[in-house]
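Start counting the sequence shown at 1; every next residue gets the next number (our numbering).
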Amino acid sequence: MVIDTRHRDKNGEISRKHGNTLIRTVRMTYGPGFAPGCADEDKLSDVLHKLDETSLSHLIRDYDAGYLDQICRSGTGLEVPGRSRPFTTARETIWR
């Protein structure tokens with residue numbers, strides 16, 4: 001995916017506001033397939049530039065909808081309205 005200006009701008013906003021959040025915390029909501037290849041201990045700010053299109057799109061959508069604050073603070077996972085299920089594995093369908 002070619003990251004357009006909107007994605008770069010949102011990456012900067014997300015990094016500033018939620019950059020210290022561990023991938024482990026975000027995976028509690030999105031599931032184990034979020035940010036493939038990244039360790040649970042990685043910080044969001046350190047991996048934003050290498051996220052796959054699906055992971056990045058979900059972050060941006062939830063940031064725009066105001067859910068990302070809750071996701072990053074919850075530490076227990078958050079059910080995002082309108083989503084049937086989280087990321088699971090590469091072989092399964094990821095949120096439609």
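Yeah, the Cβ is synthetic: ideal placement off N, Cα and C, and Gly gets one too.
Fair warning: this is a prediction, and the values are worked out from it, not measured in the lab.
Beta-carbon gap between residue i and residue j smaller than 8 angstroms
| i | j | result |
| --- | --- | --- |
| leucine 48 | asparagine 11 | yes |
| lysine 43 | threonine 29 | no |
Top-ranked residue by Cα proximity to residue i, from the options
| i | options | result |
| --- | --- | --- |
| proline 36 | Gln70, Gly66, Leu56 | Leu56 |
| aspartate 52 | Phe34, Glu41, Asp64 | Phe34 |
| serine 45 | Gly19, Ser74, Arg73 | Gly19 |
Cα-Cα separation between residue i and residue j, rounded to whole angstroms
| i | j | result |
| --- | --- | --- |
| isoleucine 14 | arginine 24 | 16 angstroms |
| isoleucine 71 | valine 26 | 6 angstroms |
| glycine 31 | arginine 16 | 23 angstroms |
| glutamate 92 | glycine 66 | Summary for glutamate 92: the model assigns pLDDT 43, below 50, so the residue's position carries little reliability; its value from the coordinates is reported in the next sentence. The alpha-carbon atoms of glutamate 92 and glycine 66 are separated by roughly 27 angstroms. |
| alanine 39 | arginine 61 | 23 angstroms |
| histidine 58 | aspartate 64 | 10 angstroms |
| lysine 50 | glutamate 41 | 15 angstroms |
N-terminal and C-terminal residue of the alpha helix (DSSP H) that residue i is part of
| i | result |
| --- | --- |
| glutamate 53 | 53 to 65 |
| aspartate 40 | Run containing aspartate 40: none; DSSP gives neither H nor E here. |
| glutamate 29 | One point to set straight first is that residue 29 is threonine, not glutamate, in the sequence displayed. Its alpha helix (DSSP H) spans residues 23 to 30. |
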